[in-house]
Amino acid sequence: MTKKAIGLAEYNELTQEQQLDILHRDGAYVGKRKIGQQTVVLFQLYGFYVEVYYKQYRRQIDHTLATNDVNIVHPYFDQINIKGLNKDKDDK
Amino acid sequence: MTKSLPPKSLVLYADDDADDRELIREAFEEFSSLIDLVTFDKGSELLQFLQNYTPLQPGPCLIILDVNMPGVDGKQALRKIRMMDHIKDVPVVMFTTSTLPSEAAFAQAYGAGFVTKPLHTQQIHQIIHELINHCTDDVKERIRNQKGN
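Sequences listed follow chains A and G, in order.
If you count the first sequence from 1, you need to add 56 to reach the numbering used here.
If you count the second sequence from 1, you need to add 86 to reach the numbering used here.
What follows is the structure, given as structure tokens:
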């Protein structure tokens with residue numbers, strides 16, 4: 057399947073199933089955090105970010121939050137793999 | 087006359103994420119009569135396990151490696167596995183949160199599969215079958231037979 061980058065507005069128009077398919081296919085994992093018992097995973101997708109809030113990790117999703125606000129990355133700073141990012145940049 | 091059952095096949099899985107290890111452990115329960123899943127929370131522990139393996143023992147039928155692990159990561163582990171004479175031909179799958187083309191290309195270059203971790207339940211079943219599909223043919227055959235019963 058050919059990858060087609062879409063914007064935040066277009067992403068928000070998709071059904072949740074379509075959003076999750078795209079996120080699984082093209083999303084770049086940023087990190088994982090816990091809010092109490094809830095697990096939250098952040099992905100970068102094209103030019104924006106998507107947080108997935110789980111009821112049960114990798115099984116049942118409570119809701120997702122898509123935003124282009126870079127501040128969403130702050131809670132994940134300690135997990136960002138700079139070595140990996142540099143490697144990918146070097147590969148290009 | 088006694089009928090002996092074939093020994094269980096061995097699947098090895100290294101991942102530093104305890105939640106993901108638990109997820110895969112539960113998903114493989116479906117095949118527990120055929121497959122023993124052994125998990126490691128460090129790539130180095132998996133390599134040590136493999137180094138202690140003798141060529142006389144039946145080798146694992148599949149090795150699943152998380153890519154991003156502290157210490158010996160999945161890519162380093164894969165390189166070392168491919169240098170171990172008695173293990174180098176075992177199917178390996180990189181099981182990852184990454185969708186980076188460079189990482190998929192790395193896996194391909196070392197003859198390994200590349201499977202992205204699931205987001206939700208519906209994908210788990212599909213992904214476990216993708217993992218099983220990388221197993222050796224005899225294991226796949228036994229799984230097919232089990233499902234046929």
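For every residue, glycine included, the Cβ atom is placed at its ideal position computed from N, Cα and C.
Discussion item. So, for A/Ile128: in the same chain, excluding its five sequence neighbours on each side, which residues have a beta-carbon less than 7 Å away from its beta-carbon?
Written reply: Stepping through the first sequence from its first residue, residue 128 of chain A is reached at position 72. Excluding positions up to five away in sequence, the list reads Leu98, Tyr105 and Glu107.
Discussion item. Is G/His220 near the ligand FMN - that is, is its Cβ less than 7 Å away from at least one heavy atom of it?
Written reply: Only the bare structure without any ligand can be found here, which leaves the ligand FMN out of the picture.
Fill in: C-beta neighbour in chain G for A/Asp144, strict 8 Å
To locate residue 144 of chain A, count along the first sequence from 1; it is residue 88. Confidence is the limiting factor: at A/Asp144 the pLDDT is only 47, short of 50, which leaves the residue's position unreliable, though a coordinate-based value still follows. Closer than 8 Å to some Cβ of chain G, the Cβ of A/Asp144 qualifies, so yes.
Practice prompt. Please name the residue or residues paired with A/Tyr113 in a DSSP beta bridge.
Written response: Position 57 of the first sequence holds residue 113 of chain A. Here A/Tyr113 is not bridged, per DSSP, to any residue.
Fill in: Coarse secondary structure for G/Lys203, derived from DSSP in three states
Residue numbering aside, residue 203 of chain G sits at position 117 when the second sequence is read from its first letter. Under the three-state reduction of DSSP, G/Lys203 is assigned to coil, being neither helix nor strand.
Practice prompt. Report the rounded CA-to-CA distance for G/His172 versus G/Ser130, giving the unit in angstroms.
Written response: Residue mapping note: residue 172 of chain G aligns to position 86 of the second sequence, counting from 1. Residue mapping note: residue 130 of chain G aligns to position 44 of the second sequence, counting from 1. C-alpha separation (whole angstroms): 18 Å.
Practice prompt. Taking 8 Å as the cut-off, decide whether the C-beta atoms of A/Arg81 and G/Thr207 are in contact.
Written response: One-based indexing of the first sequence puts residue 81 of chain A at position 25. One-based indexing of the second sequence puts residue 207 of chain G at position 121. Not closer than 8 Å, so no.
Worksheet item: At which residues does the alpha helix (DSSP H) containing G/Asp105 begin and terminate?
Response: In the second sequence, counting from the first residue as 1, residue 105 of chain G sits at position 19. Start and end: Ala104 to Phe114.
Worksheet item: Using the beta-carbon of each residue, which ones in chain G are nearer than 8 Å to A/Gln116?
Response: By 1-based counting over the first sequence, the position of residue 116 of chain A is 60. His206 and Thr207, listed in chain order.
Worksheet item: Out of curiosity, what's the CA-to-CA distance linking G/Leu120 and G/Pro177?
Response: On the second sequence, residue 120 of chain G is found 34 positions in, with the first residue counted as 1. On the second sequence, residue 177 of chain G is found 91 positions in, with the first residue counted as 1. In this structure, the straight-line span from the alpha carbon of G/Leu120 to that of G/Pro177 is close to 17 Å.
Discussion item. Does G/Glu227 pass the burial test, meaning 16 or more other C-beta atoms within 10 Å, or should it be called exposed?
Written reply: Residue 227 of chain G sits at position 141 when you count from the first residue of the second sequence. Exposed: under 16 other Cβ atoms inside 10 Å.
Worksheet item: Which residue comes first and which comes last in the alpha helix (DSSP H) that contains A/Tyr67?
Response: Within the first sequence, the letter at position 11 stands for residue 67 of chain A. Following the DSSP letters along the chain, one finds A/Tyr67 inside the alpha helix (DSSP H) bounded by residues Leu64 to Glu69.
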